[in-house]
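From first to last, the protein sequence lines stand for chains D and G. Take the position in the first sequence, starting the count at 1, then add 255; the result is the number in my numbering. Take the position in the second sequence, starting the count at 1, then add 1; the result is the number in my numbering. For each residue, glycine too, the CB sits at the ideal point set by N, CA and C. Single-structure report; data block below.
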Amino acid sequence: MSNADIRARLEATVDPEAGAIPMFVYSDPDVYRLELENLFGRTWLYVAHESELPEAGSFVVRRMGEQSVIVGRGDDETVRVFLNSCRHRGMRLANEDFGCTEMWRCPYHGFTYGSKGEFLGTLIGAPYERQAYPEGLDKEALHLIEARVESYRGMIFATWSLDGPSLDEFLGNVKWYLDIVLGRAAMEVVGVPQKWIVPSGWKLPSENFCADAYHTATAHSFLARLNLVEGVDFGRDGYHVDPGGGHGLGIGVHDPAEGSYFPASLEAEYGRNLDPEQLDLLHRVKNFHGNVFPNLSFLIPNFIPMGDQLVSGMMLRLWQPLGPDKLEVWSWHLVERDAPEQWKRLARKMYVQTFGVSGMFDQDDTENWEAQTVNSNTALTRSDEVMLHYGMGISAAPLDDFPGPGAAYDGKFSEAAGRTFYRTWLDAVLARSAA
Amino acid sequence: MSAGPAVDLETRLAVSDFLVAEAAALDERRFEDWLGLFTDDVTYVAPVRVTRRSGSPDVVDEITYFDEDKQSLTLRVKRLLTDVAWAEDPPSMTRRFVSNIRIIPIPDEEELTVKNNLLLFRSRGDEGTYDLIVGEREDRLREEGGELRICRRRAVLDQAALGTKNLGVFL
Chain D
256 MSNADIRARL EATVDPEAGA IPMFVYSDPD VYRLELENLF GRTWLYVAHE SELPEAGSFV
316 VRRMGEQSVI VGRGDDETVR VFLNSCRHRG MRLANEDFGC TEMWRCPYHG FTYGSKGEFL
376 GTLIGAPYER QAYPEGLDKE ALHLIEARVE SYRGMIFATW SLDGPSLDEF LGNVKWYLDI
436 VLGRAAMEVV GVPQKWIVPS GWKLPSENFC ADAYHTATAH SFLARLNLVE GVDFGRDGYH
496 VDPGGGHGLG IGVHDPAEGS YFPASLEAEY GRNLDPEQLD LLHRVKNFHG NVFPNLSFLI
556 PNFIPMGDQL VSGMMLRLWQ PLGPDKLEVW SWHLVERDAP EQWKRLARKM YVQTFGVSGM
616 FDQDDTENWE AQTVNSNTAL TRSDEVMLHY GMGISAAPLD DFPGPGAAYD GKFSEAAGRT
676 FYRTWLDAVL ARSAA
Chain G
2 MSAGPAVDLE TRLAVSDFLV AEAAALDERR FEDWLGLFTD DVTYVAPVRV TRRSGSPDVV
62 DEITYFDEDK QSLTLRVKRL LTDVAWAEDP PSMTRRFVSN IRIIPIPDEE ELTVKNNLLL
122 FRSRGDEGTY DLIVGEREDR LREEGGELRI CRRRAVLDQA ALGTKNLGVF L
């Protein structure tokens with residue numbers, strides 16, 4: 256389909272405010288091409304957590320869109336993000352998942368770059384370099400291609416848009432909630448991310464974490480079947496929040512009389528990092544899911560008893576697109592750095608058992624996303640659009656006494672933030688705003 | 002290269018038969034039989050594999066794909082036996098090939114270290130596709146009541162990004 260045709264089809268069919276999304280957008284190759292160009296090529300993208308870059312020279316290799324990037328802490332301690340591509344012939348510079356280095360040297364012709372991305376010369380040395388390039392090499396022009404980098408509460412983001420909104424503006428209202436999830440204490444990534452391939456379009460898991468509390472009672476009903484929870488309340492009680500900007504989240508809460516489920520020994524640190532209203536909400540958290548537009552999800556899973564303690568192993572998720580109907584899941588387990596060792600051990604165990612590639616919850620979700628993707632591919636052959644229903648909570652009014660910013664709804668059963676996700680997505684894909 | 006202390010033929014056969022029977026229990030979805038092959042104090046882990054330059058370790062034990070004990074394995078099996086374990090219902094068709102068995106007796110202990118290769122074929126649906134899950138398992142076997150039992154399993158898979166949509170199958 257031509258660009259004009261695909262734009263016209265999107266404009267005619269995607270109607271988030273009416274709760275109507277056509278199925279083809281899940282995995283359409285033309286839509287995907289626009290997404291890479293107009294969305295992933297411009298918006299802020301999560302690349303790493305600060306704890307993954309512990310010292311000068313530390314680096315991790317990540318992707319922005321499909322492009323490989325190096326996220327490195329320079330010898331001046333500043334974190335920079337470079338296209339993982341030599342300026343000479345485009346060869347990949349870093350070919351391992353992470354490491355620590357003073358410089359990146361291209362394995363093809365020896366073009367070498369310092370930790371600030373500066374071109375240093377070629378491996379073979381100055382005399383030969385002068386023979387090969389008697390007119391000299393323009394070091395400025397050979398500087399690595401560098402993205403714009405900003406961070407919030409330990410989360411490092413990058414964008415190719417050098418003059419778009421700041422990260423602060425981009426995150427907007429969702430910051431108040433990220434404070435509770437990732438800013439309540441000094442957090443650290445445990446080990447490395449699990450990575451696995453799922454034959455699904457990237458938007459399906461993103462919108463699931465953004466605005467789908469309703470699926471838990473069906474997709475994860477084994478919880479109730481094995482008496483690990485009572486009924487479906489674990490999916491309903493709490494708040495659905497549409498903070499705007501395409502971000503979205505749901506907060507499951509419990510009776511405040513039960514007291515906080517989080518480690519008591521961290522209470523002082525939580526109190527230093529959160530304002531009283533955030534702290535009050537933390538004390539009631541039973542589960543906490545959400546998505547930072549476009550594809551970074553966060554989750555404090557439902558606390559589950561392990562021995563005589565309630566435990567939850569939190570995570571960050573990146574739904575990394577590798578094609579219109581293929582994604583790589585990146586799943587990081589994070590924990591409070593100064594938590595008791597016992598809490599850390601149990602939280603990690605709970606995370607691995609319930610989420611991640613073998614997780615008893617995750618398994619069922621990947622099954623859904625794959626089958627939806629397959630169906631959306633077959634939708635391409637129809638002349639009539641297959642329209643899907645995104646109308647949950649469409650007539651509900653937001654609470655007027657909720658302490659956090661954005662539109663918060665009583666109970667998690669709403670797709671309000673999902674509708675805003677698709678509105679933000681559509682505007683970005685059609686390049687109608689800087690996203 | 003030393004193969005370590007000699008292991009008698011009878012032990013070799015017993016270990017080989019045991020691992021083959023274990024694989025059959027999983028492929029035939031006799032999960033409760035399978036659970037019975039583990040000791041009550043079993044630990045069952047699968048560390049995450051990463052891509053590193055040679056000379057750097059490419060196995061990360063700090064985080065794993067499985068981090069199980071008898072209780073959690075039992076919960077996983079109970080889940081599979083419900084009618085709402087969607088990821089494996091309809092079930093994958095699996096075939097496990099266990100080979101390259103190396104037995105290393107542990108001096109002064111009644112346990113054996115058994116390294117073996119796992120080739121796990123998994124197919125779902127009707128599109129002619131399949132996943133291969135491949136790795137090395139380092140098991141510890143112990144005799145209980147005259148029967149071999151697994152008291153430790155550590156499976157190291159040979160992919161840095163797993164090419165299967167979930168580990169809804171046991172390693």
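Rounded C-beta distance between residue i and residue j? I'm assuming under 8 Å.
i	j	result
G/R150	G/E139	Between G/E139 and G/R150 the Cβ distance is about 16 Å, and since that is not below 8 Å, they are no contact.
D/G456	D/S282	4 Å
D/G499	D/G427	6 Å
D/K541	D/H495	Not quite, the Cβ-Cβ distance comes to about 14 Å (not below 8 Å), so this is no contact.
G/A88	G/G169	4 Å
G/V51	G/V61	6 Å
D/M442	D/Y301	About 14 Å; that fails the 8 Å criterion.
D/Y432	D/G659	6 Å
I'd like to confirm the pairing. Which residues does DSSP put opposite residue i in its beta bridges?
i	result
D/P448	Partner(s): none; D/P448 has no beta bridge.
D/L571	D/F553 and D/W587
D/R317	D/V324
D/F279	Beta-bridge pairing links D/F279 to no other residue.
D/F353	D/V315
D/I559	D/V566
G/N118	G/S100 and G/E137
D/S650	Answer is none; D/S650 lacks a bridge partner.
D/F374	D/Y368
D/F337	D/I325 and D/E401
D/D270	D/A275
D/P576	D/L582
D/M358	D/G369
D/L601	D/L601 pairs with nothing; no bridge assigned.
Between residue i and chain G, is there a C-beta pair that is closer than 8 Å?
i	result
D/K450	yes
D/A689	Unreliable positioning characterises D/A689 in this predicted model, as indicated by a pLDDT of 44, which lies under 50. The coordinate reading is nonetheless provided below. False, the Cβ-Cβ gap to chain G never drops below 8 Å.
D/G409	no
D/F477	yes
D/D352	yes
D/S631	no
D/L378	no
D/S613	yes
D/E583	yes
D/R347	no
D/L481	yes
D/Q627	no
D/G427	no
D/E443	no
D/P454	yes
D/E622	yes
D/A474	yes
D/G312	no
D/G526	no
Is there a C-beta anywhere in chain D that falls below 8 Å from the one on residue i?
i	result
G/K79	yes
G/W51	The displayed chain sequence assigns Val, not Trp, to residue 51 of chain G. So, interface residue.
G/R97	no
G/D140	no
G/R54	yes
G/F32	no
G/D109	no
G/T83	yes
G/T65	yes
G/S100	no
G/V61	yes
G/S93	no
G/S3	Any reading at G/S3 is ruled out, since the residue's pLDDT is 49, under 50, leaving its predicted position unreliable.
G/S17	no
G/A7	no
Where the stretch 114 to 136 of chain G meets chain D: residues whose CB sits under 8 Å from a CB there:
Nothing from the stretch 114 to 136 of chain G brings a Cβ to less than 8 Å from some Cβ of chain D.
Interfacial residues, the stretch 145 to 167 of chain G to chain D, with Cβ spacing under 8 Å
Cβ proximity to chain D below 8 Å picks out A161, A162, L163, G164, T165, K166 and N167 from the stretch 145 to 167 of chain G.
Please identify, using Cβ separations under 7 Å, the residues of the stretch 315 to 340 of chain D that lie next to chain G, in order along the chain.
none
Anything in the stretch 34 to 46 of chain G with a Cβ closer than 8 Å to a Cβ of chain D? List those residues in chain order, please.
none
Hey, which unbroken runs of the alpha helix (DSSP H) at 4 residues or more fall wholly within the stretch 25 to 75 of chain G?
You should have 32 to 36.
Length-filtered (4 minimum) alpha helix (DSSP H) runs lying within the stretch 491 to 553 of chain D
522 to 528 and 531 to 539
Can you list, in chain order, the stretches of the beta strand (DSSP E) that have 3 or more residues and sit fully within the stretch 392 to 461 of chain D?
Segments of the beta strand (DSSP E) lying fully in the stretch 392 to 461 of chain D: 403 to 407, 410 to 414, 442 to 444 and 449 to 453.
By the 8 Å beta-carbon criterion, what residues does the stretch 575 to 608 of chain D contribute toward chain G?
E583, H588, R603, K604, V607 and Q608
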